[in-house]
Amino acid sequence: MIDFVGKKHWFFLISAILIVVGIISLAVFGIKPGTDFAGGTSMTLQFSPPVEQAQLREEMANLGYDKATIQNAGEGDFIIHVTEITSGEAKALAEKIGTELNSHARITDYYLASPRVGAETARNAGIAVIIAAVAMLFYIVWAFRRMPKPFRWGTCAIIALVHDVFIIVGIFSLLGWLAGVEIDALFITGLLAVVGYSINNTVVIFDRIRENVSKHISTDFAVTVNSSIVETLGRSLNTSLTTLFVILALFLFGGATIHYFVLVLLLGVIIGTYSSICISSQLLVVWEKREWGALLSFAKRAG
Amino acid sequence: MSRNIYLLIFILALFGFALWSVVPLDRNVFGRQGLRLGLDLQGGSYLVYQADVTAIEPGKRDEIMEGVKGVIERRINALGIAEPIIAVQKQEGEYSIAIQLPGIADIERAKEMVGRVSLLEFREQDEEDWIPATGTVYGEELILSSKYFKENTYIDVDQYGRPLLIFEWDQTGQELSEQITGRLIGEQLAIYLGDEPLRGEDGHPIAPVVRSTIRDRGQIEGLSLVDAEELSRLLNAGRIPVPLGRWVEEEGSEVFEPEIPLYERTVDATLGADSIQKSILAAGIGIALLLLFMLLYYRLPGLVACLSLGIYGVVLLAIFKLVPVTLTLPGVAGFILSVGMAVDANVLIFERTKEELRGGRSLGAAVETGFNRAWTAIRDSNITTFIACIILFWLGGTLGAFMVRGFALTLFIGVALSMFTAIIITRTLLRLIIGSQVVTNMTAYGVKR
């Protein structure tokens, strides 16, 4: 039997590294807000014949849009985010760029959001994530109300959830720096869906721990938890695998509009599966056995 | 056993009905044809305007916004756009109006139409044409229009019970009306709404003959009650200025910027068609892989899962068509994701059944225990997804991004249906197969004994 609980310190270490890297990236590079959050205009330009991103960037700078975010969406498409311009101005801009680059540029997707709504959207998105976390905490506490200390179960699941969110946001901060990837309303949508999915996985394992505790399969809580993880391992991996099949197909063939939305889902399923197998239940054990001190000394040794 | 037969009949009937309603997709079922596609899939424009209602007393705002909606509807219909969706949204005391225009090419023209304030204009005949009737007040030539109506118009009935739309002129209006009706006695005075003549119940333009000079008040006859009520609402809205635009912050204070939308999105129809094609390809490949995996890994139960997934897909499509659910690109992702998650319930059950088989139970007992024990996990775990969907649905309502709601809705429906599929369909099919004792070889269930 694989000892998932025994290796918990290593899992915690891996997660800590991922989270710290994410936080550093957030602090240094921040996160690129998309049109939904920053306001302005974003549009998808389709060039035929195709042009180089560097050429486009140069031309945009020549026309005074040196602060524009340009993202390559593949197949000759570019997604451009600039300060607010009307659809008429956008059309003129596209024509101009097309002529200058000896190509023809067509706007296939034009989106304008008032700068004022951006702040509100960001606030609402934040509220949504917090409400989701609190609602799920309450739900898990309720679902495990017959267990001793149900609040503990809920907290551990939520820590795993926050862990997932931090890692994904960190990765997108890095992607923003490397590839100009922006965060929009769909990112938050994906994040919340992933949060639901990750908790879903955690609950299945917790459910098995609940069952095994009432069956008294071992006097050692760590052993009970580990057998629960191992017993549900087939299910955890298979479910994630089947979900990954469809998401991966969407990621590879689904087109540019939802590319990064699907990436959130993809990352979320992988990280969510990892955190439910390797983090949430282990936290439960640490808490149950009051091993917080041991955890700290391990951290010191590893550090 | 008989219970399973009834369930099987129910499942087959459900499947048959669903299949019949979606093949072909444009079959007319309960008045629904084809799937309703969002703007990102079929191309089109989406506009959100805020309304400046500060000049209107709070109690009347709801009614007036309904009037504004009517005005916009009428104007857009006049442009010949099929199925525009117009909705008034009220949030924290602020009103906004969201307009979806599927497949429109000329967004500039649509915006122009939306921005105008609704007015009834009185016109007189000039040979063949109808030209605005004007008079001179304080040395200025003015057109007689509903701009000079006093307070709100209202509906009354004459002695025969026919509806009348009553209006009163304000001071300028009185001057103008006196001059114009005095000049046009014995001639017709037509009423125009925008560029279109106002038509009565009989379909003819309303153009009464002026019999005497009118100063204070007038009435419009010949409208149906419904039209009169709508027109009254329109006028009450058009008369009182409700500028559409957006609030912006300028030097710390809120300023209303007219005619510029809060959100505007236009998706090219070719991009939409491309997105549909790509989604279908992605869904096809993803689901094919998934089915293959289920078959290879779970053998016979896997086959049963594939069958119930097939039923699941068809029923879900039928629900999308019949509700109808507007499919957006993220919505399609939600749909595909829900197929992946629908497998989850089956996987939970099969893994549990395998465990029970390894534990030495008989086939029938193992399946029953598998289902019963897996149920709590299926229920508890899906509820978290429901919570996420409900919060997303709320969030989507506060956004200009109509796509968020599409995702939340399809995922919610998908997950709910997946629970039903696993518990009712997969279970019934498996019970029937085991009960019939056609397949008793354990390797068919993926267990070595």
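From first to last, the protein sequence lines are chains A and B.
Sequential numbering from 153 applies to the first sequence in the working numbering.
Sequential numbering from 40 applies to the second sequence in the working numbering.
Beta carbons are placed, not taken as given, at the ideal position from N, Cα and C, and that holds for glycine.
No experiment lies behind these values; they were computed from the predicted model shown.
If you check the CB distance, A427 of chain B and V347 of chain A come in under 8 Å. Per DSSP, the unbroken beta strand (DSSP E) holding L197 of chain A starts and ends at 192–200. Between Q198 of chain A and K129 of chain B, the alpha-carbon positions lie close to 37 Å from each other.
The DSSP assignment places 302–331 as complete runs of the alpha helix (DSSP H) inside the region 302–341 of chain A, in order along the chain (cut-off: 4 residues). With respect to chain B, the C-beta atom of V414 of chain A has a partner C-beta closer than 8 Å. Among the bridge pairs identified by DSSP, P244 of chain B is matched with B:R238.
Listed along chain B, the residues sitting closer than 7 Å to I410 of chain A by beta-carbon distance are L368, P369, A372. Between I429 of chain A and I381 of chain A, the C-beta gap is smaller than 8 Å, which places the two residues in contact. Judged by DSSP in its simplified three-state form, L64 of chain B adopts coil rather than helix or strand. Under the rule that a run must span 3 or more residues, the beta strand (DSSP E) segments found entirely inside the region 123–209 of chain B read 124–130, 133–141, 159–165, 168–171, 173–176, 179–182, 188–196, 202–208.
Under DSSP, the beta-bridge partners assigned to G284 of chain B are B:Q89, B:P297. Excluding residues up to 5 positions away in sequence, V333 lie with their Cβ nearer than 6 Å to the Cβ of L327 of chain A in the same chain.
Chain-order list of chain B residues neighbouring M288 of chain A: T423, I426, by C-beta distance under 7 Å. Ranked by Cα distance from L393 of chain A, the options B:E407, B:I350, B:M380 are led by B:M380. In the structure shown, E241 of chain A falls within a helical segment according to DSSP collapsed to helix, strand and coil. Between G77 of chain B and L310 of chain B the beta-carbon gap is near 12 Å, outside 8 Å, which marks them as no contact. Distance from the CA atom of T365 of chain B to the CA atom of Y134 of chain B, rounded to whole angstroms, is 24 Å.
Using a CB distance cut-off of 8 Å, N352 of chain A counts as an interface residue toward chain B.
If you look at E390 of chain B, you'll find it in the alpha helix (DSSP H) that goes 368–397. Only exposed fits G226 of chain A, as fewer than 16 other CB atoms lie within 10 angstroms of its CB.
For L301 of chain B, the chain A residues whose Cβ falls inside 7 Å of its Cβ are S266, V269, in order along the chain.
Taking the Cα positions, D229 of chain A is about 18 Å away from S239 of chain A.
Put simply, the backbone Cα of F425 of chain B is about 6 Å away from that of F451 of chain B. Residue contact check for S318 of chain B against chain A: a CB pair falls below 8 Å. Contact annotation for L450 of chain B against chain A: A345, G348 [CB-CB distance below 9 Å, chain order].
At least one C-beta of chain A is nearer than 8 Å to the C-beta of E390 of chain B.
For the pair T173 of chain B and A357 of chain B, the Cα-to-Cα distance works out to about 58 Å. Close to chain B, meaning a Cβ-Cβ distance shorter than 8 Å, are the following residues of the region 377–391 of chain A: E383, T384, G386, R387, N390, T391. Residue contact check for S347 of chain B against chain A: no CB pair falls below 8 Å. Taking S255 of chain A as reference, the option from A:L208, A:L330, A:A213 with the minimal CA-CA separation is A:L208.
Taken through DSSP and simplified to helix, strand or coil, A265 of chain A comes out as strand. The Cβ atoms of P244 of chain B and A267 of chain B do not sit closer than 8 Å to each other. Between F374 of chain B and Y337 of chain B, the C-beta spacing is not below 8 Å.
The three-state secondary structure of Q207 of chain A, taken from DSSP, is helix. Residue nearest to I410 of chain A within the set B:R201, B:A308, B:L74, B:T367 is B:T367 (criterion: CA-CA distance). When Cβ-Cβ separations below 8 Å define contact, R285 of chain B makes contact with chain A.
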